[in-house]
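Accompanying notes for the structure given below.
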Amino acid sequence: MQFEFCQHYNAQLRPYYIPQLMPDPLHLSLWFPDFSGPAMLPHTLAVLQQFPFSKLRPGISYLAVQPVSWNEASVLERRFSPGIDPEEAIAATADLIHDDYAYVFDASWDLWAPGKNIGEWNHAASLVRFIVQGEEFDDRTQEQTGHILIDFGLDSLFLQEDIELTGEAQNKVRDNVGKLVECTLKAEKNTRASGRLLWSESEGNLAQKLIARLQKTQ
């Protein structure tokens, strides 16, 4: 897939919006050879330990325990300010481990985002949601979306297709995409994951978009 980027820039204005495909939610699905009962806990902890938590908003800020399906009411919800360590978050759910339950953990990481002024970029805490799905939860939805499903937010956080790639913007886009790639690789290599898939909901090839955007910054 080919993408064109605007070559025009007005020094007195921020780079204007370039119409592109609508942003898509970006996900990482992970599968494990054994994910039944208590085996969920060490896998989940291992994945959380690979995540580069935000320095601006560190730790786990929210957790929830969801029985049977998303149509049911949560049996546990807790918010934390400041956030708690992954070990503490896992311990809070240890007495509620069932194969037909799901577990939600919210965290943040720091990504570069355009500021209000021309050429300004700032680190901003961006929400990431970890959804841990038991083998029998919601009609075995884990078979399609993973034992652990990581929601990174919109892919526009990484592609920044409305920004002209000049100067500092190149470095910031490369840093964001590099952080995503590194996190994805660590989540597989440093855990016992048997499979992973980085995907979005559109028909476009996400890997091609990321590679094309990263190549633009080299």
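Position in the sequence shown (first residue = 1) + 78 = the numbering used here.
For glycine and all other residues, C-beta sits at the position ideal for the given N, C-alpha and C.
If you're wondering where the values come from, they're calculated on a predicted model, not measured in any experiment.
Per-residue burial, residue i [other beta carbons within 10 Å of its own, 16 or more giving buried]
i      : result
Leu174 : exposed
Met100 : exposed
Val153 : exposed
Arg274 : buried
Asp233 : buried
Thr244 : exposed
Ser159 : exposed
Lys250 : buried
Gln144 : buried
Secondary structure of residue i, DSSP reduced to three states
i      : result
Ala151 : coil
Arg135 : coil
Gly256 : helix
Pro130 : coil
Pro101 : coil
Leu235 : helix
Gly115 : helix
Ala271 : coil
Leu243 : coil
Glu82  : Unreliable positioning characterises Glu82 in this predicted model, as indicated by a pLDDT of 30, which lies under 50. A coordinate reading is not provided.
Arg92  : The predicted model places Arg92 with a pLDDT of 35, which falls under 50 and marks its position as unreliable; any figure quoted below should be read in that light. Reduced to three states, the DSSP call for Arg92 is coil.
C-alpha gap between residue i and residue j, whole angstroms
i      : j      : result
Gln120 : Ala142 : Here residue 120 turns out to be Pro, not Gln, going by the sequence shown. If I take the Cα positions, the gap works out to 18 Å.
Thr219 : Asp240 : 35 Å
Phe215 : Ala191 : 36 Å
Ala167 : Leu189 : 23 Å
Phe187 : Gln128 : At residue 187 the sequence reads Trp, which differs from the Phe that was named. Cα-Cα distance, rounded: 12 Å.
Gln286 : Arg157 : 37 Å
Ala202 : Lys257 : 14 Å
Asn268 : Ala124 : 8 Å
Gly224 : Cys261 : 17 Å
Asn195 : Arg252 : 20 Å
Ala247 : Val255 : 12 Å
Ile226 : Arg207 : 10 Å
Ser272 : Glu266 : 8 Å
Glu198 : Ser132 : 20 Å
Leu106 : Ser147 : 20 Å
Pro164 : Leu126 : 6 Å
Residues sharing a beta bridge with residue i, DSSP
i      : result
Gln144 : Ala180
His201 : Trp190
Leu227 : Ser107, Ile209
Ala169 : Answer by DSSP bridge pairing: none, since Ala169 is not bridged.
Arg63  : There is no way to answer for residue 63, as the model of the chain reaches only from 79 to 296.
Ile297 : Residue 297 cannot be examined here, being either before or after the span of the chain that is shown, 79 to 296.
Leu276 : Leu106
Ile162 : Ile138
heavy atom of the ligand MN below 6 Å from residue i C-beta
i      : result
Glu239 : Questions concerning the ligand MN fall outside what the structure shown contains, since it holds no ligand whatsoever.
**Item:** the segment 133–141 touching the segment 99–116, judged by at least three CB pairs closer than 8 Å
**Value:** The segment 133–141 makes no contact with the segment 99–116; the number of CB pairs closer than 8 Å stays below 3.
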